[in-house]
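Sequences listed follow chains X and R, in order. Under our numbering, think of the first position of the first sequence as 942, with each following residue one higher. Under our numbering, think of the first position of the second sequence as 988, with each following residue one higher. The beta-carbon is built from N, C-alpha and C at its ideal position, and this holds for glycine as well. The model shown is predicted, which means the values in this text are computed figures rather than measured ones. Okay, structure first, notes after.
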Amino acid sequence: MVLIALNNIYKIYNVGGEEVRALDGINLEIKENEYLAIMGPSGSGKSTLMNMIGCLDTPSSGVYQFEGEMVQEMDDDQLASIRNRKIGFVFQTFNLLPKATAQHNVEIPLIYGNIRKNERIKMASKALIDVGLADRMHHKPNELSGGQRQRVAIARALVNSPSIILADEPTGNLDSKSGHEIMGILDQLHQRGNTIILVTHEDNIAQHAHRVIRLFDGKITEDSKVKSE
Amino acid sequence: MILLFIENLFISLSSVFANKTRSILTALGIIIGVVSVTMMGTLISGLDKTFENSMSWLGKDILYVSRYEWFGDMEWWEVRNRPRIRPEYVDKIKVRSKYALAVAPVMQRGASLSYGEKETRTEIFGTNEDYMETITTNIVQGRFFSKNEDRSGSRVTVIGDGIKEAFFGDQDPIGKYIKIDNIKFRVIGVLEKQGKFLGLFSVDKQAILPIGAYNRIFSKRGWMRLSIKIPENKIEEGLDEISSVMRHIRGLKPNQKNDFAINQTKAFEKNYNTLKLAIGGTGTFITLLSLIVGGIGVMNIMFVSVKERTREIGVRKAIGATKGMILGQFLMEAVLICLIAGLIGLLISYIFSILLNKIFPSTMDIWLATFSILMSIVVGVVSGLIPSYRAANLDPIDSLRYE
């Protein structure tokens, strides 16, 4: 089943009177349970593409269908809702709320999803156990290591059972051992049937994926299957 | 919605308490505003109460006929040229008026009172047996003088509670003789304790004599006024009737203006209301200013708070917060600061009003308290609105990148 279909997507910025094509006619289909890596040098448009796929941004022109819904026609609240229900973000800098416990950080998407407290606690605990943080639920981010923080972030991304998990340089701020652990968790999630999209510039990280897309100057220059599904 | 409300409350509380010094300083502006609003209100309601008490001594159903208007703007020579009020008017009015229930002539002058070694200067009043009908004070000991005592010029007197206290203390004053300007009078009654009129002068230091004796001993000259009691539900009619009776007594032609004045407590009320409006208006303006200044402080701190948490806003938006949810979060924080400040301010003014109550009647009523709390919520909403709106409309991508 096709989850994401990008059709002739353009994103054009106007910088000082000059037109900058961040995305220059992107065509891309992502199916359920794919493990995809988006690569490219800085300025290639990979962040823009990730924001587009993550429904944080809308295209200047073109058609973006997410599970058949027309994303480019949605208003801000509809975009917020689709991000809440269908997309789990994992950021390079973790982006946890510093004053809240791991448990509470994981509960936040559920609060915005209007899920009752008892249910919420159950779901958040389960997500934290899934990423191996059963004994760190009530710690605040500053009491956790980098790897543990990123695991909280992954738990937060997957707590709502989203259609895709979108990881932007998930190991960028981690030492190699923690990075390895995090990639192990993502691999596991993929095996369990999640769709994962990685944005990275590191080849060894991209190797975990089964399909690699390379971007240059807002265009897809390569789309290759690394491993067979 | 309730979930989100609780979540926002949690976020706001932790934000307010995480920046204690900042929150306290911000709240200070609102606290000062609320204290000034509530103290202003308390003061005005205290004034009201004092005024009402004082007015109740005069009585709404009493007309005061004299040469001058209480709050008139006539020149003194015009007043002086008006004919005097004469003692014989009392009987004439009683005969001609159907509304006049009681008519008491009142003359007044300063005099020296003494009892044994004790001496005091005070006001003495000469009047008739109807006088008690025209005042709201009661006799607590003894009795008032009779018509016969008045006619025969008996040297009897009814004294105020203040004189009784000063001269006799706990002793029974009835039947004792006091000297008024060195002439002996027998005390036959004591008036109830009254306190101060408009908080200015005590009405308890007075002595009332029959006008017969007053005239014989102290002079027939001096100004006289008439206190006329009319039925409470016929004040307008009574006023018209007394006016026409007076015109008839004076023999005025239809085209001639009144050469007398009929005063009512209403005149006091009108003047008091003007005064109250002036005090209240100025006060409200100043207190509103202080609340606005407080609100600006809150707005300023909210802008800082939004700026500081730009990244947090980005994260929240990325994981599904709508504009409304972000707006609610920051609005809640502003309202919370103001609400806490409002409650603190209220507590402070409550303590103030209790202390103040010892010198001036001031009690904070529940409406004023509710109003000031509502006011601080409104200030919170108004001053939080623009920063919250800005937060809600931040671009999630830019906010996520914000360092």
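From the DSSP output, read off the bridge partner residues of residue i.
i	result
R/G1113	R/M1094 and R/L1196
R/T1107	R/L1100
X/D1116	DSSP lists no partner for X/D1116.
R/N1250	R/Y1051
X/I950	X/I967
R/A1089	R/K1216
R/D1035	DSSP, once it has assigned bridges, lists no residue as partnering R/D1035.
Straight-line CA distance for residue i to residue j?
i	j	result
R/Y1051	R/F1038	19 Å
R/V1368	R/I1019	18 Å
R/A1014	R/M1289	12 Å
R/K949	R/D1168	Nothing can be reported for residue 949 of chain R: it is not among the residues displayed for chain R, which extend from 988 to 1390.
R/S1363	X/M980	54 Å
R/A1379	R/I1011	25 Å
X/I1056	X/I1062	10 Å
R/V1190	R/L1178	10 Å
R/S1430	R/R1212	In this structure chain R extends from 988 to 1390, so residue 1430 of chain R is not present and cannot be described.
R/E1120	R/K1216	7 Å
X/E1170	X/R1152	Legend: pLDDT at X/E1170 = 48, less than 50; position of this residue unreliable, value from coordinates given subsequently. The alpha-carbon atoms of X/E1170 and X/R1152 are separated by roughly 9 Å.
R/S1340	R/V1022	10 Å
X/E1110	R/N995	31 Å
X/G1088	X/I1123	7 Å
R/K1304	R/T1271	42 Å
R/A1248	R/F1132	28 Å
X/G984	R/L1326	48 Å
R/Y1076	R/G1046	22 Å
R/E1223	R/S1043	19 Å
X/Q1006	X/M1064	29 Å
R/L991	R/T1309	11 Å
R/L1275	R/I1031	16 Å
X/Q1148	X/L1156	16 Å
X/V1047	R/I989	19 Å
R/R1067	R/D1246	10 Å
X/H1121	R/S1370	49 Å
X/H1131	X/Y976	7 Å
R/D1117	R/D1035	30 Å
Quick one: is residue i buried, meaning 16 or more other Cβ sit within 10 Å of its Cβ, or exposed?
i	result
R/A1265	exposed
R/N1202	buried
R/L1342	exposed
X/R1090	buried
R/V1280	exposed
X/D998	buried
X/S1086	exposed
R/P1374	buried
X/L944	buried
R/Y1251	The question names Tyr, yet the displayed sequence has Gln at residue 1251 of chain R. R/Q1251 is buried by the Cβ-count criterion.
R/Y1164	exposed
R/L1361	exposed
X/S988	buried
R/P1160	buried
R/L1262	exposed
X/H1045	buried
R/M1027	buried
R/P1070	exposed
R/K1151	buried
If contacts are defined as beta-carbon pairs under 8 Å, then residue i and residue j qualify, I think. What distance do you get, rounded to the angstrom?
i	j	result
R/I1146	R/V1174	6 Å
R/G1332	R/T1025	7 Å
X/P1082	X/L1037	4 Å
X/L1051	X/V1100	6 Å
R/S1084	R/V1232	5 Å
X/P982	X/M993	At roughly 18 Å, the Cβ-Cβ gap does not stay under 8 Å, so X/P982 and X/M993 are not in contact.
R/T1297	R/Y1376	So it is not a contact: roughly 15 Å between Cβ atoms.
R/A1091	R/T1107	Not really, about 25 Å apart at Cβ, beyond 8 Å.
X/L1107	X/G1029	7 Å
Closer than 7 Å by beta-carbon distance: list the chain B residues that pair up with residue i, in chain order.
i	result
R/K1304	The chain labelled as chain B is not found among the protein chains of the depicted structure, namely X and R.
Interface positions of the stretch 1285-1300 of chain R facing chain X (Cβ-Cβ less than 9 Å), listed along the chain: R1298 and E1299
Positions along the stretch 1310-1321 of chain R whose CB lies within less than 8 Å of some CB in chain X: K1310, G1311 and M1312
Near-chain R residues of the stretch 988-1021 of chain X - C-beta to any C-beta below 8 Å: N992, G995, L997, D998, D1017, D1018 and A1021
Residues, ordered as in the chain, of the stretch 1034-1066 of chain X that lie near chain R by beta-carbon distance below 7 Å: N1036, L1038, K1040, I1049, P1050, I1052, Y1053, G1054 and N1055
Near-chain X residues of the stretch 1363-1387 of chain R (beta-carbon distance less than 8 Å), N- to C-terminal order: P1383, I1384 and L1387
Residues of the stretch 1086-1106 of chain X whose Cβ lies closer than 9 Å to any Cβ of chain R, in chain order: R1097, A1098 and N1101
Contact list for the stretch 992-1003 of chain R against chain X, Cβ threshold 7 Å: E994 and S1001
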